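Notes for the one structure printed next.
What follows is the structure, given as structure tokens:
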């Protein structure tokens, strides 16, 4: 039974506390830290069996009983806290992205050098039942050699403009999940990225210097072409699909919905909308990624995603940004 | 190139004239007869290339050039005209049902005795692409031994009360297609029928002595259980589905719709309704049944359905009627 | 926070212990009793936080701290332990069926008389996301007045012959869930039952005096016709579907599968099979029914199912048995 | 009743002869010309009611009885014969593309100047039931303002290398249909094209200087982004789908298959593959486009597609070619 500390008690921090409490046998959350910790959250954490509630994550890093930390704090703190935690000898699960700055990710890589610590990045979608099944079909050769990979990722509603301003831009904030998915499904890295982006959803997003709609085309190292389409607003809910077309067939996944009830009447044959919210769609995936992180520690296995899996999508996101700004295809090698 | 006469120029007569004109290479419609022939129909028939337009079907039977007739007149005339046509040496395609009276069907059987004439009954659904595919899967053993067969057959709207009164009742008018489908899918005859019927759609149908909603359960000779559900009114259009469950799997077919377009919005994910009208759904099947009738004549093959295939569903319908009246399971052997 | 005792630590007892531990906030399992309690189960229960592990359920009934019991022991003990528990002042959640003997259920009803105790029966399917959505559409009037209700319920594989012999027969063991579903979807009770049953799956089941395949037709009090089709063996997994057809439309639900991945290749377009096992399909529903039982106690609400909801499906099962034996439609009023 | 001449008696010429014979009331095919006319084709044409069979299309142009011609000859003859036919006072239906050379299309435009002749280009997919339904939903505002349009178009098998060499390249030969579809669904013209292309299917195609796999991204004049994905080989058949995502929802269409039968067994739940061949998928659309051409003549309406609808996709194809060669986004305005 290993003890875990959670750094950051926002929405995703709570998701991980719940998952560990209810689904992970070999771990308990001993401590949770958040600079904005309030009474309500503290009481909730206590009820979930968390022993220590603090405002200072350094308490967690100083606790020799704690073997691993989950970094769920604001994005700008991911890489410095990662480095600190590694230096304190903790295994680290870090929410995505590690950082928007490649040098800072390099510092995390450097810190890991020579340790035996696990470092897993929170690309939860790899653990989703649908994407897992698609990837498995590809990996098992059921569609032959992959040639065209299509990823649709549309949010139900745009974030606040305040968030947009600090998000690092849509490619590093939202598309980054799809960049990871591209690598997951293709089984290799990207070589080149081209973006056709637009500001169609909310003019304020454009004024904040960001896009809200984009089609991103990539050439992968194995020759496959990936196309991602993104929108910050989907009237019918959270749209998360993928399709891999190859030399011997195609595998694709549709959205999940709350139920499989279908109503037929004079207006048509109507099924339910996709689940609206990412926490509904991916709750199970969040539980699974943390279970596998704990399993990697307890049984000294490789974590399912490592620090380089955290780095690569950032490179792709920076290439996408550059492609959009310079209106031309950009090679990943131009970024590094 | 054989010449054909059409007896009855109503809706279904016109369907067959069109099919032969546009889809059947080896036949032409030479003549059409209808006691209520009007100028409009006559002009239409001429434009379709029909040479002779008459009120008297006996002209057709007397024409030595005509090798085959299609009997599309009112139900009560099916069996007597069948007998006359056979005696005149014509091959016969007869719309369903041959008759509601077993003895009259027997007269048709007797008339056929010793001739080499083809006699095909118009159970068009056997030629529908969906039912054909289901039946083929069963016949090829893809589901093992059939055990439970479910047939859904719901009309978009009830017929007029005038029609209800002369229809012979829902079991002989509407369910008769499903009785044929049961034989087609099971690959054998029925032994016993039980009806749970109701008058739920329109009280006037009940006052006319008929049901408009029913679930009919049958035991087939091969041990399979068939269940048919019928309604005279389906708010979402013509509902025509079948499912065959067997020892090694299940095969089922869904409805056809005008297009495969699907709209996703805040209200849900909406596909089109089934095709509303039987002529839309089965137009292709009507063409195919007539092609096969002509092919059977030209190439002296067995017609895909014979006079006994016309008789059996009538027996099943009479058993259903008796079951409903006596509120008990009725054996087919009680009818004959 | 109320304390709960679990009587019976078999498969379903463990499901409920897990649900309460991980999903039910207002309750803890204090004790578990099973006459065949072994070390492994005892250790598992301790790890789940259960304080008392015993072979004697009477210890649970005698514990004044325990407010409610879940009866998960063998079927023949359901009604006597129910009566004892009620007399000991405990709220009762009883697995289905309460008993196969109407008089024994009557004793439970009598015991409840004058108490304020909750008595909930474990018809878990009412809490399944798909059936809930179908029922909600019916209850909200989206399909108008229900007219034809179809319930498909096919097990992935037959039980052992030893089990078949003590099961009370397929109608009381398996179809009983579907009888409850018929009441749930129709919103009323059954009047009459007719069974067409067969022994098609395994001759040994027939030799044990039972059927393994059946189509059950029922007339409901509101005039709707229900048809249930059952098989003890479905090659493609656990098949659990329902369809309600009414005056203004139809609502239906399909099976759940592990993922929504679909493979298209030269062989066709292949989706996953339904979930194979009832614990996979209904795990969420098991959690929800127990949550609602605890909620009913804590907040003094009506339990979602009461003792009469336990009685009615047994009456329907006994009527089905009689219908099969006497080969005729049987009224529910003949049973009482 | 107008008389029509068919120039070119290959596969598509025969399709049009059949459509006019069986589906178009107001026209007859009087003549058919093909430089490689053989006895078999001549006999077939006679049997279809064609009066004049010739090797020289100039005979058709010289026939004053003929009001309209359908140009179904080899691509390089489309524009010169168009000009000749217009000068001979004939309405023209021309198979796609008019020409690969913009100047030659301009000559057709010049020839039409000042005449009242109809000139329709054979982009048949606009008349397909699925694409029509998608376009109608967009045009009716059901998805709000279009933002992302996805078109999948994959052939079942690559053409012969001999054909590839004279085809003008995949963008002008195959993608040209998708360029037309982009304009049809977006309701406006393209501004800019970017191609990510590859040679993945057959090295011989690459050696012939062409691609066989591509993702084409376009910016449309209304701000929408279009993405087309193409492959010359799809293991599961002809894959023809479209999806339009907009501010208020999404409309998409799936492939057609031969039947809606679905087999469930131990291997999964398997539906039929898409129709394999374009003539199966689009037979109805071919009939409809010709009906509308004749209707435009007879009733002096606008033809559903005019000469500019023939020009624009060629511009898009040339821009795509340039984008692939220069590996950068290319504006349509660079081509003209």
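Protein chains in written order, with our numbering: chain A, 60 to 395; chain B, 60 to 395; chain C, 60 to 395; chain D, 60 to 395.
C-beta: ideal position from N, C-alpha, C; glycine also.
Everything numeric in this text was worked out from a predicted model, so none of it was measured.
Close-in-space but distant-in-sequence residues of the same chain around residue i (CB under 7 Å, 5 per side omitted)
i	result
residue 357(A)	61, 85
residue 340(B)	297, 299, 315, 334
residue 317(A)	331, 334
residue 310(B)	193, 196, 197, 201, 202, 303
residue 143(D)	120
residue 295(D)	332, 333
residue 187(D)	341, 344
residue 346(C)	78, 82
Nonlocal neighbours in the same chain, by C-beta distance under 8 Å from residue i, ignoring five residues either side
i	result
residue 208(B)	241, 244, 245, 279, 283, 284, 285, 286, 301, 302, 303, 304
residue 70(A)	338
residue 393(C)	378, 381
residue 160(A)	138
residue 108(B)	80, 87, 88
residue 155(D)	180, 181, 182, 235, 236, 239, 369, 372
Buried or exposed by the 16-neighbour rule on C-beta atoms within 10 Å, applied to residue i
i	result
residue 219(B)	exposed
residue 195(A)	exposed
residue 325(A)	exposed
residue 319(B)	buried
residue 336(C)	exposed
residue 95(D)	exposed
residue 146(A)	exposed
residue 98(C)	exposed
Contact set for residue i: own chain, Cβ-Cβ below 6 Å, skip 5 residues either direction
i	result
residue 291(B)	214, 217, 260, 271
residue 210(B)	237, 240, 287, 301
residue 229(A)	269, 270
residue 73(D)	none
residue 274(A)	255, 288
residue 129(C)	65, 75, 152
residue 110(B)	89
residue 224(D)	267
Residues that residue i bridges to, as DSSP identifies them
i	result
residue 150(B)	127(B)
residue 282(B)	Per DSSP, none; premise fails for residue 282(B).
residue 300(C)	211(C)
residue 50(B)	Here chain B has residues from 60 to 395 only, and residue 50(B) is not among them.
residue 88(B)	63(B)
residue 273(A)	256(A), 289(A)
residue 390(C)	251(C)
residue 329(A)	322(A), 329(B)
residue 113(D)	92(D)
Exercise for review: Check each residue of the segment 306-329 of chain C: if its Cβ is closer than 8 Å to any Cβ of chain A, include it; give the result in chain order.
Suggested key: Answer set for the segment 306-329 of chain C: 307, 308, 309, 310, 311, 312, 313, 314, 315, 317, 318, 319, 320, 321, 322, 323, 324, 325.
Check your understanding: Listed in chain order, which residues of the segment 240-262 of chain D have Cβ atoms closer than 7 Å to some Cβ of chain A?
Key -> 253, 255, 257, 259
**Study point:** Selection of the segment 267-300 of chain D by Cβ proximity to chain A, strictly under 7 Å
**Key:** 272, 274, 276, 278, 282, 284, 286, 288, 290, 294, 295
Review point. Using a beta-carbon distance cut-off of less than 7 Å, what residues from the segment 158-169 of chain A approach chain D?
Key: none
Exercise for review: Closer than 7 Å, Cβ to Cβ, to anything on chain B: give me those residues from the segment 331-355 of chain A, in chain order.
Suggested key: 331, 332
**Study point:** Contact list for the segment 183-217 of chain B against chain C, Cβ threshold 9 Å
**Key:** 202, 203, 204, 206, 207, 209, 211, 213
Review point. Using a beta-carbon distance cut-off of less than 7 Å, what residues from the segment 226-238 of chain C approach chain B?
Key: none
Point to revise | Segments of 3+ residues assigned as beta strand (DSSP E) that fall wholly inside the segment 164-226 of chain C | key: Annotation note: the segment 164-226 of chain C contains the following uninterrupted beta strand (DSSP E) runs of length 3 or greater, listed N- to C-terminal: 178-180, 205-213.
Practice item. Would you list, in chain order, the members of the segment 77-90 of chain A that have their beta-carbon closer than 7 Å to a beta-carbon of chain C? Key: Close to chain C, meaning a Cβ-Cβ distance shorter than 7 Å, are the following residues of the segment 77-90 of chain A: 81.
Exercise for review: Could you run through the segment 373-388 of chain D and flag, in chain order, every residue whose CB is less than 7 Å away from some CB of chain A?
Suggested key: 386, 387, 388
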